[in-house]
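Worksheet: the structure to be examined is printed underneath.
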Amino acid sequence: MRESDFNVGKFFAFLFVLILFLFMLSPLFEEGDGAKIDKNLSDIKNRVSYFHSLKSVKEIERILSDNNDFSKYREITDSAKTVIFGESKDLENGTANLVTSIVLDYRGFDTLGELIVLFISILGLTIILSTLSFAKFEEPSFLQITGVKFVTPFMILVGIYIFLHGHLSPGGGFPAGAIIATATLFSLIGCKFNYRVSNLKFIESNAGFFVILLATLGLYFTGSFFGNYLPTGIVGKLYSSSLILIIYSLVGLKVGAELSVGIKTLYNGEKDDDR
Amino acid sequence: MMIDNRTLYIYSFIIFLIGIYGAITNRNLIKILVSLSIIETALNIFLVSTGYINGSNPPILHSGMKLISPNSINISDPLPHALVLTAIVIGVGTTAIGIGLTIKLYNHYKTLNVNRMGDKDEL
Numbered sequence: 000m001r002e003s004d005f006n007v008g009k010f011f012a013f014l015f016v017l018i019l020f021l022f023m024l025s026p027l028f029e030e031g032d033g034a035k036i037d038k039n040l041s042d043i044k045n046r047v048s049y050f051h052s053l054k055s056v057k058e059i060e061r062i063l064s065d066n067n068d069f070s071k072y073r074e075i076t077d078s079a080k081t082v083i084f085g086e087s088k089d090l091e092n093g094t095a096n097l098v099t100s101i102v103l104d105y106r107g108f109d110t111l112g113e114l115i116v117l118f119i120s121i122l123g124l125t126i127i128l129s130t131l132s133f134a135k136f137e138e139p140s141f142l143q144i145t146g147v148k149f150v151t152p153f154m155i156l157v158g159i160y161i162f163l164h165g166h167l168s169p170g171g172g173f174p175a176g177a178i179i180a181t182a183t184l185f186s187l188i189g190c191k192f193n194y195r196v197s198n199l200k201f202i203e204s205n206a207g208f209f210v211i212l213l214a215t216l217g218l219y220f221t222g223s224f225f226g227n228y229l230p231t232g233i234v235g236k237l238y239s240s241s242l243i244l245i246i247y248s249l250v251g252l253k254v255g256a257e258l259s260v261g262i263k264t265l266y267n268g269e270k271d272d273d274r
Numbered sequence: 000m001m002i003d004n005r006t007l008y009i010y011s012f013i014i015f016l017i018g019i020y021g022a023i024t025n026r027n028l029i030k031i032l033v034s035l036s037i038i039e040t041a042l043n044i045f046l047v048s049t050g051y052i053n054g055s056n057p058p059i060l061h062s063g064m065k066l067i068s069p070n071s072i073n074i075s076d077p078l079p080h081a082l083v084l085t086a087i088v089i090g091v092g093t094t095a096i097g098i099g100l101t102i103k104l105y106n107h108y109k110t111l112n113v114n115r116m117g118d119k120d121e122l
């Protein structure tokens, strides 16, 4: 294609994007009966996650079993339940980070599916790249080798800290896994440290197995998949919400090992010496 | 400074459209992948900003904080955050697959330009 055609195409692409922008702006400023974003949604009390925040989903079950109308009971006045940091104990789940309590307790299936998606994508990556061999990287310099050997243990330590504190602070298993995988990438490029892929796959498969085992035990003890059957403790302590702590640690190990396998595959193909 | 939800929506629209423009006009496969990642980021910003409430705190309990029903919950909505966490991980998976396919195509055609990929007839 010639260069002038390309410029015409760029002009039409810009026009298309502009029209799309105006189209997307219209529901924000419309006042009619058409599509518009409800102003009441800016109040958390009008959302379902209000109950997630108060860690009392069983309240909804009680309301729904009494009379099947959820919409009347948005304003619950009889259950003045208070969650205080460092004092409340034996809640539904004892995580201080409300996002973690949603990710691993109320929407545990979501996280399980997420893990499966990540597993399948890394599997597909290894299948796609199974017959290729890549150009060699440059030999690392002395400075790279020394710096990477100094930094990498600290990166792994930060990753472990983040997945152990997933129920107290921002972060959790998935960011921690990404940090651990970055550490393996550093050590691959910087000092040519040769990970054995079989070890990583061992960690990954066992972590995934134990996540599913612990979730299935919830089916036996509490009657629901991903049910919390261990004591939840006091909100804000490190050893609170034991099941979520264990599962998030396993998720961190699994994601870290899985992404490391992906990075190793992208680095030198599946042509590994120990396969 | 108070930021309106609507402002955040408009910012995310702009980032989304930058990604769309890049994906339409570029021929290089790597640049198209980067554009798709930009679109993903814009969608994540949009989803998170739907959960934002003016002047609210992050949904994490810290020392001295109380959640009292039903009077005042001054936190942003934690549910979109959880959904975006899922979306980010799936984005990583799709990006990894895309990079793998790009490497495969480059080894096959010896070019990254989409327009020149069908030129060799004997393939």
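Taken in order, these protein sequences are the chains called A and B. Counting from 1, position 143 in the first sequence corresponds to residue 142 in numbering that gives the first Met the number 0; the numbering is continuous, with no gaps. Counting from 1, position 12 in the second sequence corresponds to residue 11 in numbering that gives the first Met the number 0; the numbering is continuous, with no gaps. Just so you know, even glycine gets a beta-carbon here, dropped at the ideal spot from N, CA and C. From a predicted model like this one, the values you see are computed outputs, not experimental measurements.
Under DSSP, the beta-bridge partners assigned to Asn-96/A are Ile-59/B. Taking 8 Å as the cut-off, the Cβ atoms of Thr-99/A and Gly-171/A count as close. Bridge partners of Lys-88/A according to DSSP: Ile-233/A. For Ile-83/A, the pairing in a beta bridge is given by DSSP as Lys-65/B.
Rounded to whole angstroms, Leu-35/B and Ile-19/B show a C-alpha spacing of 8 Å. Between Leu-7/B and chain A, the shortest Cβ-Cβ separation is not below 8 Å. Taking the Cα positions, Lys-65/B is about 14 Å away from Leu-90/A. Classified as buried, Gly-235/A has 16 or more neighbouring CB atoms from the shown chains inside 10 Å of its CB.
Residues Phe-185 of the same chain have their beta carbon placed closer than 7 Å to that of Val-150/A, with the five preceding and five following residues left out of the count. For Gly-165/A, there is no enclosing alpha helix (DSSP H), as DSSP marks it with neither H nor E. From the listed residues Leu-53/A, Ala-95/A, Phe-225/A and Phe-141/A, the smallest Cα separation to Val-210/A is found for Phe-225/A. At least one CB atom of chain A sits nearer than 8 Å to the CB of Ile-98/B.
Apart from sequence neighbours up to five positions away, the residues of its chain that approach Val-102/A with a beta-carbon distance below 6 Å are Thr-110, ordered along the chain. Taking one beta carbon from each stretch, the region 210–219 of chain A and the region 241–256 of chain A have 3 or more pairs nearer than 8 Å; the two touch. Ala-95/A has a beta carbon lying within less than 8 Å of a beta carbon in chain B. With fewer than 16 other beta carbons inside 10 angstroms of its own, Lys-9/A counts as exposed. For Asn-6/A, the three-state secondary structure derived from DSSP is helix. The three-state secondary structure of Asn-198/A, taken from DSSP, is helix.
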